[in-house]
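So the structure is just underneath, and the comments pick up after that.
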Amino acid sequence: QDGGVQCKDREPEGPIVGGVVLIDDQLYFGSDDGQVWGIDQETGAVHSCRDVGGAVWSTPLVVDKVLYVATMEGAVWAMDAGDWHPRWSEPFRTDAALLTDPVLAGDKIIVGGIGKTLVAIDIKTGKQQWAFDGDNWFWGRPAVSLDGGVAYATNLDGKVYAIDVATGAAAWDNNNLEAPEAIRAGALLAEGVLVVVDRGGNVYSLDPDTGENVKESLSVIEKRVLANPIEFDGAVLVLAQGGDLYQIAPTG
């Protein structure tokens, strides 16, 4: 196998921070000990693993059965699921740890981290296409418009950035949101609005074209929120620390 090893009698030696993805009947995830694991969906048996040289705190991206994995060593790996065959001549590398879940935007992969920079990588070559600077770490999963033309990224500086995927330039004339708390959770497009939750539990509904708030008053959870919100049946679900789950109407 291309860099993968048989891991039948092994298990992760570090925490599993990111999420799990499903390809056919196999589950894939990264761990803090620098491995990406493939396990059987039904039995949980490990079939193989791949050393990627750095801790993985994010959820892998899957496109056409290819895994794209970002590491805390500042690398992004592209590998075929199953046999770990590399898709790029070498991994993409930057000089700062990558924290966000990599996401697909057109023909680019968007990812960011503690270098205060969001980067776009050509999905075919693994080469950087542009870089966009914020004022603090990018950590939450970026959201991408339905046409793949705009990426929305939250930042620990309390702002939300809208970036033109083709050019890497700012897509909004002004950054209209400056939350009182850092924004660890990712942005979410739901029911035509951009939903953002800051660390203090303040929920914002923004116009994705302008960044303006579209609700007269904020929804306030009053609990610490770090997890990415998700959409379910027209509502937004927000998980707060302590295990409480909140359902919020994006525009109501």
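Sequential numbering of the sequence shown, starting at 57, is according to our numbering. Glycine included, every Cβ here is placed at the ideal spot set by N, Cα and C.
Classification of residue i by the beta-carbon crowding that lies within 10 angstroms, buried from 16 upward
i: Gln91; result: buried
i: Gln57; result: Here Gln57 scores only 44 on pLDDT, less than 50, and its place in the model should not be relied on; the value that follows carries that caveat. Burial call: exposed.
i: Asn230; result: exposed
i: Thr223; result: exposed
i: Ala227; result: buried
i: Pro71; result: exposed
i: Gly27; result: Residue 27 is absent from the model: the chain starts at 57 and stops at 308.
i: Arg66; result: exposed
Check: residue i C-beta below 7 angstroms from any heavy atom of the ligand NAD
i: Lys279; result: As presented, the structure is devoid of all ligands, the ligand NAD included, so that no description of it is given.
Backbone secondary structure at residue i - three-state DSSP
i: Phe194; result: coil
i: Ser114; result: coil
i: Ser145; result: coil
i: Asp178; result: strand
i: Thr173; result: strand
i: Glu278; result: coil
i: Thr307; result: coil
i: Gly86; result: strand
i: Asp210; result: Note that residue 210 is Thr in the sequence shown, not Asp. In this structure, Thr210 counts as strand in the three-state DSSP scheme.
i: Ile72; result: coil
i: Met135; result: strand
i: Leu250; result: strand
i: Lys164; result: strand
Nearest-angstrom beta carbon gap, residue j and residue i [assumed within contact, 8 angstroms]
i: Thr307; j: Ser261; result: 6 angstroms
i: Ala153; j: Gly190; result: About 15 angstroms; that fails the 8 angstroms criterion.
i: Gly168; j: Leu174; result: 4 angstroms
i: Glu287; j: Leu244; result: 6 angstroms
Alpha carbon of residue i to alpha carbon of residue j, nearest angstrom
i: Met135; j: Arg143; result: 6 angstroms
i: Asp178; j: Asn211; result: 23 angstroms
i: Lys180; j: Gly162; result: 12 angstroms
i: Tyr217; j: Pro264; result: 10 angstroms
i: Gly138; j: Ala235; result: 43 angstroms
i: Gly74; j: Gly248; result: 27 angstroms
i: Tyr208; j: Leu83; result: 28 angstroms
i: Trp186; j: Ala126; result: 17 angstroms
i: Thr115; j: Pro158; result: 7 angstroms
i: Val112; j: Pro68; result: 12 angstroms
i: Gly298; j: Ala283; result: 12 angstroms
i: Arg255; j: Tyr302; result: 14 angstroms
i: Glu278; j: Ser104; result: 43 angstroms
i: Gly205; j: Leu250; result: 15 angstroms
i: Ala241; j: Val102; result: 30 angstroms
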